Amino acid sequence: MKNYIYIVIIFAGSLFSACNDDYYDTSNNPLSYGESYIDIQFSTDKALYSPGEAVHFSLSNVPDGAKLRYTHLGKTISEESLTSKTWTWTPPNEDFKGYMAVVYTVENGVEKIHNNIAVDVSSDWAKFPRYGFVSDYEKMKDVFIKHNVEILNRYHINGLQFYDWLYDHQRPFAGTVERPADSWPDIFYRTNYLSTIKSYIAEAKKRDMKTMFYNLCYGATKDAAADGVSEEWYIFKDRDHAEKDYHDLSGGRSHIWITDPGNKQWQDYLIARNKDVYQVFDFDGYHIDQLGWRGDRYDYQGNSIDMPKTYNSFIKAMKAAEPNKRLLFNAVGGYGQESIANAPVDFLYVEVWGARDGDNPEMSYADMISLMRDNVSESNPEKNIVLAAYMNYNVNSVGFVNKPGVLLVNSAIFAWGGSHLELGEHYLINEYFPSNNLQMRADLGKALINYYDFMVAYQNLLRDGGDFQTAFVDFENPTIITNNWSPAIGEVSVVGKKVNGKDIFHLINFKGANSMVWRDPKGTQTEPELIESPVVDITVSGIPSKIWFASPDVDGGVAKELSFTQSGNKVKLTLPSLKYWDMVVVEY
1 MKNYIYIVII
11 FAGSLFSACN
21 DDYYDTSNNP
31 LSYGESYIDI
41 QFSTDKALYS
51 PGEAVHFSLS
61 NVPDGAKLRY
71 THLGKTISEE
81 SLTSKTWTWT
91 PPNEDFKGYM
101 AVVYTVENGV
111 EKIHNNIAVD
121 VSSDWAKFPR
131 YGFVSDYEKM
141 KDVFIKHNVE
151 ILNRYHINGL
161 QFYDWLYDHQ
171 RPFAGTVERP
181 ADSWPDIFYR
191 TNYLSTIKSY
201 IAEAKKRDMK
211 TMFYNLCYGA
221 TKDAAADGVS
231 EEWYIFKDRD
241 HAEKDYHDLS
251 GGRSHIWITD
261 PGNKQWQDYL
271 IARNKDVYQV
281 FDFDGYHIDQ
291 LGWRGDRYDY
301 QGNSIDMPKT
311 YNSFIKAMKA
321 AEPNKRLLFN
331 AVGGYGQESI
341 ANAPVDFLYV
351 EVWGARDGDN
361 PEMSYADMIS
371 LMRDNVSESN
381 PEKNIVLAAY
391 MNYNVNSVGF
401 VNKPGVLLVN
411 SAIFAWGGSH
421 LELGEHYLIN
431 EYFPSNNLQM
441 RADLGKALIN
451 YYDFMVAYQN
461 LLRDGGDFQT
471 AFVDFENPTI
481 ITNNWSPAIG
491 EVSVVGKKVN
501 GKDIFHLINF
511 KGANSMVWRD
521 PKGTQTEPEL
531 IESPVVDITV
541 SGIPSKIWFA
551 SPDVDGGVAK
561 ELSFTQSGNK
571 VKLTLPSLKY
581 WDMVVVEY
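So the sequence shown is numbered by the working numbering: it starts at 1 and just counts up by one.
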């Protein structure tokens with residue numbers, strides 16, 4: 001949602017106007033650089049793979065006596081000795097499965113994990129979307145574009161939103177199909193280069209990442225009449241078409257004047273413009289944005305407009321015109337989701353602001369998850385969801401993203417089956433994507449690699465159906481209090497789920513947290529207390545054949561089988577530890 005703030009724009013502009021080649025050096029890259037460089041030690045060549053396709057691995061250091069294990073949901077598929085820094089593996093010929101490759105040695109009879117990485121075998125990104133972004137299209141050397149995409153690939157990002165790549169909303173690029181301009185100013189006077197956009201698309205496609213161009217479903221700039229936009233296509237604040245609706249962009253080249261997305265002539269006009277886009281750029285699809293609820297609005301004839309209904313019509317028109325292109329639509333705060341979700345969008349995308357009737361800056365973790373679950377329930381349940389959830393939103397100074405806030409919110413989103421739009425050339429901190437005054441420290445960057453590996457390796461438990469259920473976990477230590485989600489300060493929150501006969505228990509640690517506001521707006525969320533080797537009682541639904549544990553905070557998420565004793569409908573076991581998020585899986 002374009003909700004720009006003038007002071008942010010000035011700051012962002014000063015950053016980019018001062019850029020030179022050194023800015024894009026790997027030692028200064030905003031995504032990969034914090035207090036120290038994030039060294040990508042273990043990588044794959046793509047973000048996802050088709051069934052039967054070979055995975056190409058690269059490992060920077062192979063320990064003496066190294067062994068390699070491939071697993072799926074804690075079960076070993078195969079093992080072998082590892083002697084080379086590069087190799088290939090062909091996963092089982094099944095679609096929509098997550099795997100983990102684990103490098104380990106055995107020292108004095110004890111297994112030591114050295115490194116691991118996840119693999120997604122999926123023929124369609126829409127099944128398990130992991131969405132990222134790009135937003136800077138300065139004149140850039142290919143080596144730096146390649147490096148940025150390489151980093152995003154390590155996080156298994158399988159789709160990119162190209163934010164504010166365009167010239168005008170009604171005329172996305174300057175020039176013509178036959179002679180597109182080499183560069184053009186975006187709406188805030190940043191210079192976008194054709195070569196940079198094309199290079200980003202090409203590099204993303206090498207990694208099998210989908211590329212989605214950003215634009216609103218409505219909107220035209222002040223000179224749109226010269227481009228053929230009719231006065232009768234706009235939305236008005238009154239029935240007499242005396243006052244056109246617009247979105248104020250102070251500091252930009254123009255306000256955005258709102259057109260009617262349900263108007264057939266506007267749809268046909270934009271379809272023609274999009275055909276031009278697809279001829280010039282090899283985009284995979286269209287990321288459609290809106291501006292949320294705008295109050296009572298009217299068309300040129302004075303008819304009241306049902307905005308969510310127009311979204312459905314707009315999406316269907318775009319799909320009919322380009323059936324092979326992908327579509328996404330931003331349900332701002334959930335607005336219009338019922339109409340959006342039942343249109344041909346690849347998956348659900350929600351920009352999280354607060355309650356549906358307005359912004360709520362104090363929205364809690366529980367509120368956010370309720371919003372996410374409500375949006376999922378309004379769609380085909382097979383459609384997964386991505387949240388554009390902006391962290392540390394009220395921090396305007398230059399500094400770093402707060403690690404505890406990010407990892408707690410990701411623990412909640414991932415455990416409940418969602419994904420988080422947060423990674424691009426830099427960490428995403430507000431709705432104006434180029435803003436990058438907060439960067440990632442290296443420790444957060446490394447931790448997020450583990451979290452994204454975890455989301456991919458266990459996607460068949462996290463995001464592949466199943467039913468959430470009441471779950472009970474009690475710690476033997478009476479000072480550790482649990483709750484069955486909703487979370488509370490000082491407690492461990494339990495999220496239960498049943499997937500293919502397995503009982504899943506997610507433990508999210510708010511012991512030591514100082515706030516239940518998910519956005520961590522001032523970057524002050526505190527790190528949860530480490531709970532070492534806790535003994536827990538878990539209520540189960542049968543006689544377990546196996547219980548195993550995995551956590552993105554322990555050995556990169558590698559699964560560990562746990563011993564247990566059972567008494568009635570409870571089992572007692574010892575977890576390795578609990579920092580932010582643990583998952584316990586009970587098989588029968």
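Quick reminder that beta carbons are idealized off the backbone N, C-alpha and C, glycines included. These figures come from a predicted structure and were not determined experimentally.
Could you give the distance in angstroms between the alpha-carbon of residue i and the alpha-carbon of residue j?
i, j, result
"M583", "W353", "28 Å"
"F213", "K309", "23 Å"
"T26", "M140", "Low confidence applies to T26: its pLDDT is 40, below 50, so where it sits in the model is not reliable enough to give any reading."
"L578", "I157", "27 Å"
"S78", "Y458", "18 Å"
"V102", "R69", "5 Å"
"E425", "L530", "32 Å"
"S50", "S123", "5 Å"
"K511", "T574", "18 Å"
"N116", "K67", "12 Å"
"A559", "P344", "37 Å"
"I369", "W485", "10 Å"
"D306", "G262", "9 Å"
"D453", "N153", "11 Å"
"H506", "F549", "10 Å"
"D64", "V149", "31 Å"
Report buried or exposed for residue i, applying the criterion of at least 16 other Cβ atoms within 10 angstroms of its Cβ.
i, result
"E203", "buried"
"S551", "buried"
"P185", "exposed"
"K85", "exposed"
"P92", "exposed"
"P381", "exposed"
"A388", "buried"
"I481", "exposed"
"Y311", "buried"
"Y24", "Any reading at Y24 must be qualified, since the residue scores a pLDDT of 36, below 50, and its modelled position is unreliable; no value is offered."
"W118", "It should be pointed out that residue 118 corresponds to Ala in this sequence rather than to Trp. Counting Cβ neighbours within 10 Å, A118 comes out buried, since at least 16 surround it."
"K97", "buried"
"Y189", "exposed"
"P129", "buried"
"N590", "Past the boundaries of the shown model lies residue 590; the chain is included only from 1 to 588, so the question cannot be answered."
"D555", "buried"
"I489", "exposed"
"A272", "exposed"
In chain order, what residues of the same chain lie with their CB nearer than 7 Å to the CB of residue i, ignoring the 5 residues before and after it?
i, result
"D520", "M391, N392, N402, G405"
"S411", "I508, Y580, W581"
"R634", "Nothing in the structure corresponds to residue 634, since the chain is present only between 1 and 588."
"V376", "L348, I385"
"R356", "With a pLDDT of 41 at R356, under the threshold of 50, the predicted position of this residue should be treated as unreliable, though the coordinate-derived value follows. Around R356: G333, G334, Y335."
"L73", "Y458, N460, L461"
How about residue i and residue j: are their beta carbons less than 8 Å apart?
i, j, result
"E362", "V517", "yes"
"L216", "D299", "no"
"Y278", "Y193", "no"
"I235", "R297", "yes"
"A225", "W257", "no"
"L82", "V62", "yes"
"Q439", "F400", "yes"
"N396", "G557", "no"
"V332", "L291", "yes"
"K319", "L348", "no"
"V386", "Y163", "no"
"I151", "T196", "no"
"L160", "F133", "yes"
"D537", "K572", "yes"
Just confirm the distance between the C-beta atoms of residue i and residue j, as a whole number of angstroms; I'd bet it's less than 8 Å.
i, j, result
"D45", "V456", "With a Cβ gap of about 15 Å, D45 and V456 do not count as contacting."
"H169", "T211", "About 19 Å; that fails the 8 Å criterion."
"L461", "V585", "7 Å"
"A513", "P534", "So it is not a contact: roughly 17 Å between Cβ atoms."
"D245", "R294", "6 Å"
Grab me the residues of residue i's own chain with a C-beta within less than 6 Å of its C-beta, minus the 5 sequence neighbours each way, in chain order.
i, result
"G542", "Y588"
"T524", "none"
"F468", "K497"
"E476", "V535"
Tell me which residues share the same chain as residue i and place their Cβ nearer than 8 Å to its Cβ, disregarding the 5 neighbours each side in the sequence.
i, result
"T88", "A54, V55, H56, F57"
"K112", "Y104, T105, V106"
"D240", "G302"
"E177", "With the sequence shown as reference, residue 177 is identified as Val, and Glu is not the correct amino acid for it. Here the set comprises D276, Q279, V280."
Flag residue i as yes if its beta-carbon sits less than 8 Å from any beta-carbon of chain B, otherwise no.
i, result
"E587", "No chain B is present in this structure, which holds just one protein chain."
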